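Chain order of the listed sequences is A and B.
In terms of our numbering, the first sequence is residues 1434 to 1829.
In terms of our numbering, the second sequence is residues 1434 to 1829.
Glycine included, C-beta positions come from ideal geometry on N, C-alpha and C.
Keep in mind that this is a model prediction, so the values were computed, not measured.
In what follows, a structure is listed as structure tokens, so that the remarks can point back to it.
Protein chains: 2
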Amino acid sequence: MTPSGIARRRFFVGAAGAGAALGLGGGGAAAQPARGAGGLPDYVAWKDAEDLIVHTPRTIEMKRSAFGSSGITPDTDLFVRNNLPPPDARILEDRDGWEVSVEGVRNPRRVALRELKAMGVESVAAVLQCSGNGRAFFDHKASGTQWRVGAAGNVMWSGVPLRAVAEAMGGVADGMRFITARGGEDIPQGIDPRTVMVERSVPIAAMDRALLAWELNDDPVPLAHGGPLRLVLPGFFGVNNVKYVKRLAFTAEESDAAIQRTGYRVRPVGQRGAPSQPSMWEMTVKSWVTQPLRETADGPVQILGVAFGGARPLRRVEVSTDGGSNWQEARLLGPDLGRYAWRPFALAAELSPGTHLVASRATDEEGNSQPEKMEPNERGYGHNGWRDHAVEITVR
Amino acid sequence: MTPSGIARRRFFVGAAGAGAALGLGGGGAAAQPARGAGGLPDYVAWKDAEDLIVHTPRTIEMKRSAFGSSGITPDTDLFVRNNLPPPDARILEDRDGWEVSVEGVRNPRRVALRELKAMGVESVAAVLQCSGNGRAFFDHKASGTQWRVGAAGNVMWSGVPLRAVAEAMGGVADGMRFITARGGEDIPQGIDPRTVMVERSVPIAAMDRALLAWELNDDPVPLAHGGPLRLVLPGFFGVNNVKYVKRLAFTAEESDAAIQRTGYRVRPVGQRGAPSQPSMWEMTVKSWVTQPLRETADGPVQILGVAFGGARPLRRVEVSTDGGSNWQEARLLGPDLGRYAWRPFALAAELSPGTHLVASRATDEEGNSQPEKMEPNERGYGHNGWRDHAVEITVR
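Structure follows, in structure tokens:
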């Protein structure tokens, strides 16, 4: 797959290159992106183009064939999804000087990143997954990027626990029920900011796991992933993990920004979004096979994949090589990185010549298993049905 | 430190640039390396030059200021140390076709990587550390690269357990006491191969943790780190983790290559290496502070660092801000990645104006603590004395 470890980050191959030839790309690369040197947009030119599918300059997917068995997704492979163009890269010139307005506490004020770094520090491994990951598998042609499995990664974040920040400011004010965070993107002139701004609210119970993070995988958070400061909510879908966070408020009500009121709402096909519908908050149990993907030789093979419980710990993963008639429990690999992380898995199998539908099915600690079919919803969110995620393998 | 996440991998700064200006570089960059585009040798041009110190083209150190708190060292920051020039990058063109000769088993034969992948798979997090890490801190000017703390990283490997390979070949032959691995480097003509070849032996008891690994941090192993296939021996110093492994033998005796017979032997200053001296096999307990390093503001600060037990699990880390008169136990951050991994740590402190000698001291599960002073040895191996690793901090 990768011809040379030396070459892989120096000579980029775009989505129309060797990767797409493997047939593993998404179906909806409608917009031809503005490309930086090497086939990737400038702000992500440091990523590994061979492992990525560029849908648009702001929606970049990791190839299914690029997931490994080591547990942590390198930031060079991590998917990108920005609702708005990212801010100018100059915001990273003085990371420690970045300020966030903390509101809804007894002593609200602006606080600089250098001060947050002195308040406390914790590290967490967590799955980062776009709400629309798996959208391409729905039959009803939901609008939006046609992500397959690669709008997800398992990464490590370091930052200050949000609880420590609230305590340093006198504690949360009375009556507050939500954590509301606003991103630092520029809002175009002449538009009602609420129609486009990235401001999301989640229940305040998430405070016990929330970080204001300045580090991704042991490096300062890159611009593409929300640097210099990102709200990290382990167990919650990606959109809630607000990038370049410049306002962090404890609020009595959810944000009235469109992205919260009507966006990221789960509803039947054909309906419009509304605040009464479930919001894309906590993730559910999910898994997918990563190797083999299309063909393999006759004989013994290790079937590999990744599995996670979403907001709950993972209990087990099963694998079927006959389209779901029979299941065997897979082995979990490597260290347990915690309840919000994913776990690589392996099942040793013998495949005879012919075609096999290879599926995986994960179960969380509460006994929730991936469904065989996922009910469609208007925007194609949260697909975790095991049959659509299965792969057809041809054995020679 | 890093002006821009976009820029950091695109516009390289060499060791003589901004990083060296921080005063964090090693003391012995005698040879001016042949540089690829951007200040790094070609075979590691994909690494993050801002986070590295190039001692020579084959000895590249991670800056102390580049270590984060997330636990896993990205391969873009991982140190490089090659005893011989790496093989031609074309060996990566057909990774699955790479063959290793397995000997000292009942049914010895050559086996291809694609076959190893079907035999089994496991993942492990492990500290990779050069035997000479910390050499610069010895007073006796030991010859060799003057590594400070950055010839070490904590990474994740995936590969087949060596035990599974041996079992697939009928089991280890009778009387074998060592695992002996030879690297795939080209040996110059006209030289007795035993004087330069990289062939190392370790006690066969290491088999229960050894992997033949094809993946580093979720990506195929880069050439600089031993791809396509590396012997990984968690808990052992780096040199034993043979790169581009082409011969894997269970042997009755240690290798007679110079690198085993006389190299990597611990002996008093002034003595020559000999097989009777201890070999640089298992690592010992160690830690170092990573933040702050030179200056910090008056008031609260988080003192950060990394700690590991070597071949034994880590029990605790203590931090002193007064040069060792008083110690406080630090908090360990993030998930426990297993007994061979390191763990980031943090201690919340208040530092008054003036200078402070900030030290860390780790203790393993058997109660072994880092010594205050490390006894010198001829080649400057295995330095884990806490006083030399301490940092003097000026508080404004």
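query, result
"In chain B, what lies closer than 7 angstroms to residue 1555(A) by C-beta?", "1766"
"Taking the alpha helix (DSSP H) that residue 1658(B) falls in, what are its first and last residues?", "No alpha helix (DSSP H) contains residue 1658(B), which DSSP labels as neither H nor E."
"For residue 1531(A), which residues from the same chain have a beta carbon less than 6 angstroms from its beta carbon, with the 5 sequence-adjacent residues on both sides left out?", "1546, 1661 and 1662"
"Would you give the residue range spanned by the alpha helix (DSSP H) that residue 1822(A) belongs to?", "1819 to 1822"
"What would DSSP say about residue 1756(A), mapped onto helix, strand or coil?", "coil"
"With a threshold of 16 other CB atoms inside 10 Å of the CB of residue 1763(B), please say whether the residue is buried or exposed.", "buried"
"With DSSP run on the structure shown, which of helix, strand or coil describes residue 1650(B)?", "coil"
"Tell me, which residues are paired with residue 1590(A) by DSSP?", "1557(A) and 1649(A)"
"When the Cα atoms are used, what is the spatial distance from residue 1837(B) to residue 1665(B)?", "An answer regarding residue 1837(B) cannot be provided, because it is not within the stretch 1434 to 1829 covered by chain B."
"Quick one: grab the DSSP three-state call for residue 1681(B).", "strand"
"I'd like the list of long-range same chain contacts for residue 1739(A), defined as Cβ closer than 8 angstroms, with 5 residues on each side in sequence excluded.", "1500, 1587, 1720, 1721, 1723, 1775, 1776, 1777 and 1778"
"Does residue 1506(B) pass the burial test, meaning 16 or more other C-beta atoms within 10 Å, or should it be called exposed?", "buried"
"Identify the residues that DSSP records as bridge partners of residue 1762(A): which are they?", "1751(A)"
"Here's the rule I'm using: 16 or more other beta-carbon atoms within 10 Å means buried, otherwise exposed. How should residue 1743(B) be labelled?", "buried"
"Which same chain residues, not among the five before or five after residue 1592(B), have their C-beta less than 6 angstroms away from its C-beta?", "1644, 1645, 1646 and 1647"
"For residue 1550(A), which residues in chain B fall below 8 angstroms Cβ to Cβ?", "1735"
"Taking 8 angstroms as the threshold (beta carbon to beta carbon), is residue 1887(B) in contact with chain A?", "Missing from the structure shown is residue 1887(B); chain B here goes from 1434 to 1829 and no further."
"Counting Cβ pairs, one atom from each stretch, are 3 or more of them under 8 angstroms apart for the segment 1472 to 1486 of chain B and the segment 1548 to 1563 of chain B?", "no"
"Whose C-beta lies closer than 8 angstroms to the C-beta of residue 1621(B) among residues of the same chain, with five residues either side of it excluded?", "1629"
"So, for residue 1617(B): in the same chain, excluding its five sequence neighbours on each side, which residues have a beta-carbon less than 6 angstroms away from its beta-carbon?", "1520, 1677 and 1679"
"Establish whether the CB of residue 1575(B) and some CB of chain A are separated by less than 8 angstroms.", "no"
"Considering just the uninterrupted stretch of the alpha helix (DSSP H) at residue 1629(A), what are its terminal residues?", "1626 to 1629"
"Using the three-state DSSP reduction, which class does residue 1782(A) fall into: helix, strand or coil?", "strand"
"Per the contact definition of three or more C-beta pairs closer than 8 angstroms, is the segment 1594 to 1603 of chain A in contact with the segment 1564 to 1580 of chain A?", "no"
"Contact criterion: CB-CB distance below 8 angstroms. Does residue 1817(B) meet it with respect to chain A?", "no"
"Could you name the residues of the same chain whose beta carbon sits closer than 6 angstroms to that of residue 1687(A), not counting the 5 residues immediately before and after it, in chain order?", "1611, 1634 and 1693"
"Quick check on DSSP: helix, strand or coil for residue 1495(B)?", "strand"
"With respect to the alpha helix (DSSP H) encompassing residue 1546(B), which residues constitute its N-terminal and C-terminal limits?", "1546 to 1552"
"Quick check: the Cα distance between residue 1562(A) and residue 1523(A), rounded to an integer number of angstroms?", "27 angstroms"
"Report yes or no: do the segment 1487 to 1504 of chain B and the segment 1648 to 1656 of chain A share at least 3 C-beta pairs separated by less than 8 angstroms?", "yes"
"I'd like to confirm the pairing. Which residues does DSSP put opposite residue 1777(B) in its beta bridges?", "1739(B)"
"Determine the extent of the beta strand (DSSP E) in which residue 1691(B) is found, giving its start and end residues.", "Not the beta strand (DSSP E): residue 1691(B) falls in the alpha helix (DSSP H), residues 1691 to 1694."
"When the Cα atoms are used, what is the spatial distance from residue 1753(A) to residue 1791(A)?", "6 angstroms"
"Label residue 1537(A) either buried or exposed according to how many other C-beta atoms from any shown protein chain fall within 10 Å of its C-beta, with 16 as the threshold for buried.", "buried"
"With residue 1699(A) and residue 1815(A) assumed to form a contact (beta carbons below 8 angstroms), what rounded beta-carbon distance in angstroms separates them?", "7 angstroms"
"Just checking: is the beta-carbon of residue 1617(A) within a distance shorter than 8 angstroms of some beta-carbon in chain B?", "no"
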